[in-house]
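Quick mapping for you: the protein sequence lines, in order, are chains A, B and C. Residues are numbered in the numbering used here as their position in the first sequence, beginning at 1, plus a constant of 1. Residues are numbered in the numbering used here as their position in the second sequence, beginning at 1, plus a constant of 326. Residues are numbered in the numbering used here as their position in the third sequence, beginning at 1, plus a constant of 36.
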Amino acid sequence: MFVLIFSYGPMVGLVMAFQDYKPWLGMTGSRWIGLDNFERIFQYEEATQAIVNTLIIAVIKIVVGIIVPIVMAILLNEIRLAGLKKSIQTLVYLPHFLSWVTIAGIMIDILGLDGGINRIITGWFGSEPIFFLGDPNLFRPTVIVSDLWKNFGFGMIVYLATIAGIDPSFYEASEIDGANRWQQIWHVTLPSMLPMIIVIATLSLGGILDAGFDQIFNLYNPLVYSTGDIIDTYVYRSSLLNGQYGFGTAVGLFKSGISLILIVISYRIAYKFANYKIF
Amino acid sequence: MYHKSQGYRIFSVFNHILLIVVALSCFLPLLHLLAQSFSSKAAVNGGLVSFWPIEFNTDAYVKTFNNRNFMGSMWISIVRTVLGTLIGMFVITTAGYALSKDFRGRNALMWIFVFTMLFSGGLIPSYILISELGLKDTIWALVLPGAFGAYNLILIMNFFKTIPKALEEAAFIDGASFFVIFTRIYLPLSLPGLATIGLFIMVGHWNSWFDGLLYMSTTEKYPLASFLQTVVVQNSAQNVALSPSEAAALSEQSIKAAQIFISTVPIIAVYPFLQKYFVKGIVLGAVKE
Amino acid sequence: MSKRKTGAWLAVVTMFTGLLAGCGSGGESETAAAGVLKDGKYDPPVTIAIGKQLDENAGKYKEGESVDDNVLTRWAADNLGIRTQTTLLGGDSTNYNTKLRLALTGSEKLPDLFPVYDTTLANDLIESGRVKEISADIQQYMPERLKEIYKQYPATFNPVVRDGQVYGLAISPNLTEGEVMLIRQDWLDKLNLQAPTTIDEFETVIDAFTNQDPDGNGKKDTYGFTFSGKDGYNTGWVSDPVMIFSAYTGKNIPAQWQEQDGKLVYGSVVEGNKEALAKLRDWYSAGYLNKELATLGAWDALADFTEGKAGIIVGRPWLYDSVRDVEKNVDGAKIAAYPTIQGVSGEPTYQSGQLNDGYFMFNQDFNNMEAFFLYYDKLYDAAFGTGDFIYGYAQGYDYDIVDGKPVFDPQKFNEPLEAVQGVGKMAFTKNTPSADPAGKSYYDLAQGVEADNGVLLRSASALPTTQEGFVISYENRDSLLPNAFNGPPTPTMQTSWEQLSTMEKETFTKIIYSNEPLDAYDAFVTNWYAKGGEQVTQEINDWYGQTNIDEVMSKMGLQ
Chain A
2 MFVLIFSYGP MVGLVMAFQD YKPWLGMTGS RWIGLDNFER IFQYEEATQA
52 IVNTLIIAVI KIVVGIIVPI VMAILLNEIR LAGLKKSIQT LVYLPHFLSW
102 VTIAGIMIDI LGLDGGINRI ITGWFGSEPI FFLGDPNLFR PTVIVSDLWK
152 NFGFGMIVYL ATIAGIDPSF YEASEIDGAN RWQQIWHVTL PSMLPMIIVI
202 ATLSLGGILD AGFDQIFNLY NPLVYSTGDI IDTYVYRSSL LNGQYGFGTA
252 VGLFKSGISL ILIVISYRIA YKFANYKIF
Chain B
327 MYHKSQGYRI FSVFNHILLI VVALSCFLPL LHLLAQSFSS KAAVNGGLVS
377 FWPIEFNTDA YVKTFNNRNF MGSMWISIVR TVLGTLIGMF VITTAGYALS
427 KDFRGRNALM WIFVFTMLFS GGLIPSYILI SELGLKDTIW ALVLPGAFGA
477 YNLILIMNFF KTIPKALEEA AFIDGASFFV IFTRIYLPLS LPGLATIGLF
527 IMVGHWNSWF DGLLYMSTTE KYPLASFLQT VVVQNSAQNV ALSPSEAAAL
577 SEQSIKAAQI FISTVPIIAV YPFLQKYFVK GIVLGAVKE
Chain C
37 MSKRKTGAWL AVVTMFTGLL AGCGSGGESE TAAAGVLKDG KYDPPVTIAI
87 GKQLDENAGK YKEGESVDDN VLTRWAADNL GIRTQTTLLG GDSTNYNTKL
137 RLALTGSEKL PDLFPVYDTT LANDLIESGR VKEISADIQQ YMPERLKEIY
187 KQYPATFNPV VRDGQVYGLA ISPNLTEGEV MLIRQDWLDK LNLQAPTTID
237 EFETVIDAFT NQDPDGNGKK DTYGFTFSGK DGYNTGWVSD PVMIFSAYTG
287 KNIPAQWQEQ DGKLVYGSVV EGNKEALAKL RDWYSAGYLN KELATLGAWD
337 ALADFTEGKA GIIVGRPWLY DSVRDVEKNV DGAKIAAYPT IQGVSGEPTY
387 QSGQLNDGYF MFNQDFNNME AFFLYYDKLY DAAFGTGDFI YGYAQGYDYD
437 IVDGKPVFDP QKFNEPLEAV QGVGKMAFTK NTPSADPAGK SYYDLAQGVE
487 ADNGVLLRSA SALPTTQEGF VISYENRDSL LPNAFNGPPT PTMQTSWEQL
537 STMEKETFTK IIYSNEPLDA YDAFVTNWYA KGGEQVTQEI NDWYGQTNID
587 EVMSKMGLQ
């Protein structure tokens, strides 16, 4: 019921993507303009650049965003001191609660030319300070690492829960077989986590074109438009002037379409090769 | 035993160091905010505060706690989070339980749910829907639309799937109903999973601000996240003729820091209680095969 | 289950029809009009439904007060018989715009009276046919003293006039104070320098501030001039480098349209920009400027000045109140305000002027414009120092009487407040109405006028440096140029403006950082025209030629 009312009800709104939507005319009254809104997405080279940037940033974010939490969860699980384990677990999930506005402010401070990180670089290595946020080649890595830093602790929770759910008798059995810790991780922990990893990986494909509006919007600047501008920031800037809902909806639909295709493909792959049904 | 070996010890040392360093790096920004919130306004604006308060004072906190709107919004956030989490958990666990079984049309139903994860009609229709249902200005506008999250549903379903079928079959033979199986076997056995999803839902509710701004038409009904959004996000004074006293008030960084900090405390406080479920030691293997 | 299902379907169907119908609903419900105006008061009281964007009062109301029930709304109910009720409330400006746009779908009634801050939205509202034409009402009900104000600012009507009809009016138009240059006076004194008045002198000063260790700590950790480059090079309020551009381009300042020989031209593509960029590039390379200017927004760029690293910043006079913490943190630090420098031709440099923030628009069914103007006029009492509001709006809120004298510092109130309450904003205006163009009251005080009303007393209570800044601002008020284009975005702007302004910001910034050669500017100009700038210029000039404001003004009795 919930789904029908709150998710599918509003979906009639998708027709706006094909209209020159005017709120006061409603969806029956607005002019149909076919695919014009979609054409506009690809009209300019800046737009194509933004799509490329989005894909690069989002794909890397998804990949490291899956691997790192898994690794960290396993590493954390190796810590025996329960108190330390708990504290680390609590601390790493803190950044998730700070908004990008706050974090961006702190990052601009720390990554600035005479900020903390550059003081370390110039002091310890004697090299030139690095302009992390102003160098087109460094902007993407900066965005990816900071996103990882903010969110891995939160992502880790699912994996910790999965590890916690592993039947201890598996470990006992493998220990009797003489497996060392590394082999245990490889042969017991990881395989037990695999289903959840596949699920998370698949689901995260849904966000393949979400490279992180809040983050980029608060960090980017004219020097790094060429590598940092993503679809969402591009659309935000273009529709600031006109508030055209049709265009915004078209972009959303375009993103959803691509995500759906990717999810269907990965669902098939997981089913075919791992014989695992994700949902 | 593995943890006696030389190699493992070396690994262990590095592991501890690595994790501690990472954990500290995650903590520093919050410490910075905390230090700012306890410092004098001049020191904060002068960029003098790093991780330790300068000219220590608690003004920012006194002001924040005396701010009726802040406290009112906090209460709304708490109500919303509790209500939202309870409803959300109920809907998702029951649906997840049903969907973890095979039945006719299950796949189709599942795809219908997944579809909602990807496509949405957008702002205008959602808003009209909420208005037409008469939910505007009520807490239900914040609680109901998000109660069914396909993402969480899939996660919980997968946690349910890991529970051995044998358990359920055994219970059936003993004459247990679906309801009993669900509450007595599935829920207790997937506690880590429930804790995870519960946390996700809770955090989602606590942090979401946009719906509050959209559906509430008086500030008294704003949840905390919406309130902070209006107060903390820098007012762009570009078009405004500010009087000097108003201009000075624009730079109250220490109060902002205090408000951000206070707003994260409740959720951080809840975490340790849930955390115990993530720590290994829950014995799943009640039935050894 | 089946019952719930039917209910849900019903709901879906209802909302379908709601969607499809688009407008239609929203109509006739009661606009309280029963009240009769007698001796300046409505009896029984009338209620006006308003739209409102939250302002900085939010979260600072006194105990027991709120958006709809506060010292001002109670005053109006008691004295004017007018109540206001907020039926549409937005958080920040984006959120407010969204909600107003949603109201246009017909899902709810438009408020009787609401501010509009966005020209596209104003345009949509007019097109929708659901806002009121008010030229006759202005003519009939607008009090004389307000007419005098609106007469001074005919250009503010541009966005709300269509085919000779008037669909709104600017919210308390008033020429906002201009920007001044704040300089570390202690640094100037230490290095035996005078405040710069030309580009060359400016260069000398920022060079000295960078290389002659003005803070005397033996380290090369200071520099000359901080400004923001993240969102373009004409911020219009603080951290603005626009005077450097204007020194070479005169009245054509970046990112703004200006009339030249009867035609509107865009300031970023005229001659002179290249020279200005060359200067900024050289200065940047020499270390005179904020090294991170490209990553800093206007407010962030203040930090280096407040921290005592930068020696010069440009901003509105009140900026002093925001950066004076440096005087507390750094021993001996002293800030002084100066006029912006002169251009290379000896003319003054120009900057962006601001006349109003948004427009009042009215529901087409609203039929009590008289009540609106009565209330609006009363709000101006504080600006004129007349009526009930001689010193301010409410004792204990925005002023207080201590020992028989009016006091404006909230900490010195009988019951000290953390900050003054913006009472003037508590009803339907977002900014307190003002009739004090560019800081005239400060100028009058400096001329020796006795402070006998709230406006002058309030100005007299400002910090001395701030007051000096406002005096400078008023003396140079002729250098304030409002953007000559204030209409809704033209068709080509809607499709191409984003590309053009991105290209502009990118090129300017990269030249300053020496990431691109100076000649990239010429390529930018060519590209700008080729990629839509040509058409935009054409469209904007068509717009400029089409509205005959004079005719409309006389129709409203504002000639």
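Heads up, the beta-carbon is just placed ideally off N, CA and C, and yes, glycines get one too. This structure is a prediction, so every number in the text was calculated from the model and none was measured.
- B/Q332: member of the alpha helix (DSSP H) spanning 332-363, first to last residue.
- Distance from the CA of A/T250 to the CA of A/A18, rounded to the nearest whole angstrom, comes to 5 Å.
- Taking the Cβ atoms as the reference, C/G569 lies roughly 6 Å from C/L536, within the contact range of under 8 Å.
- Apart from sequence neighbours up to five positions away, the residues of its chain that approach C/G200 with a beta-carbon distance below 7 Å are E587, V588, ordered along the chain.
- Take the alpha-carbon of C/E237 and the one of C/L229: they are about 9 Å apart.
- Counting only Cβ-Cβ distances below 7 Å, A/L134 has contacts in chain C at T331, in chain order.
- When Cβ-Cβ separations below 9 Å define contact, A/W25 makes contact with chain C.
- Nearest in C-alpha terms to C/V306, of all of C/T342, C/I426, C/T285, is C/T285.
- In the displayed model, C/P442 falls within a strand according to three-state DSSP.
- For C/M397, the beta-bridge partners assigned by DSSP are C/F150.
- Taking a Cβ-Cβ cut-off of 9 Å, C/T258 has no neighbours in chain B, whose nearest Cβ is about 14 Å from it.
- Linking B/W466 to B/G410 through their CA atoms gives a straight-line distance of about 9 Å.
- Along the region 355-374 of chain B, the positions whose C-beta sits under 9 Å from a C-beta of chain A are P355, L356, H358, L359, G373, read in chain order.
- In the DSSP assignment, C/V350 is bridged to C/M217.
- Taking C-beta atoms as the reference points, C/Q188 and C/P209 count as a pair closer than 9 Å.
- Under the three-state reduction of DSSP, C/L300 is assigned to strand.
- Taking 4 residues as the shortest admissible run, the region 306-387 of chain C contains the following complete alpha helix (DSSP H) segments, listed from N- to C-terminal end: 309-322, 339-342, 355-359, 361-365.
- Under the three-pair Cβ rule at 8 Å, the region 220-228 of chain C counts as touching the region 246-256 of chain C.
- In the DSSP assignment, C/Q535 falls within the alpha helix (DSSP H) that extends over 527-548.
- Within the model, the alpha-carbon separation for C/T376 versus C/V443 is close to 32 Å.
- Bounds of any beta strand (DSSP E) do not take in A/P70; it lies within the alpha helix (DSSP H) bounded by 46-78.
- A distance of 9 Å or more separates the beta carbons of C/F261 and C/W354.
- A Cβ-Cβ contact shorter than 9 Å links A/N78 with A/I164.
- Taking the Cα positions, A/Y272 is about 54 Å away from C/S264.
- Within chain B, the residues C352, P355 have their CB atoms less than 7 Å from the CB of A/P96, given in chain order.
- In the three-state reduction of the DSSP assignment, B/W535 falls in the coil class.
- With contacts defined by Cβ atoms closer than 9 Å, C/V152 and C/M397 form a contacting pair.
- Beyond the five residues adjoining it in sequence on each side, B/I507 comes within less than 7 Å, by CB distance, of E494, A497 in the same chain, given in chain order.
- Below the 8 Å Cβ cutoff, chain B contributes T544, T545, E546 as neighbours of C/S102, in chain order.
- Using a Cβ-Cβ cut-off of 7 Å, A/L99 is close to nothing in chain C; its nearest Cβ partner there is about 17 Å away.
- With a beta-carbon spacing of about 4 Å, C/G204 and C/Y395 fall inside the 8 Å limit used to define contacts.
- The C-beta distance from C/Y433 to C/V103 rounds to 15 Å, too long to fall under 8 Å, and the pair is not in contact.
- Counting only residues of its own chain and dropping the five nearest sequence neighbours on each side, C/Y324 has a CB closer than 7 Å to the CB of I242, D243, T246, Y259, G260, F261.
- Taking CB atoms only, C/G344 has a neighbour in chain B less than 9 Å away.
- Between C/L313 and C/F544, the beta carbon gap of about 6 Å places them in contact (Cβ cut-off 8 Å).
- Look at A/P142 here: in three-state DSSP terms it is helix.
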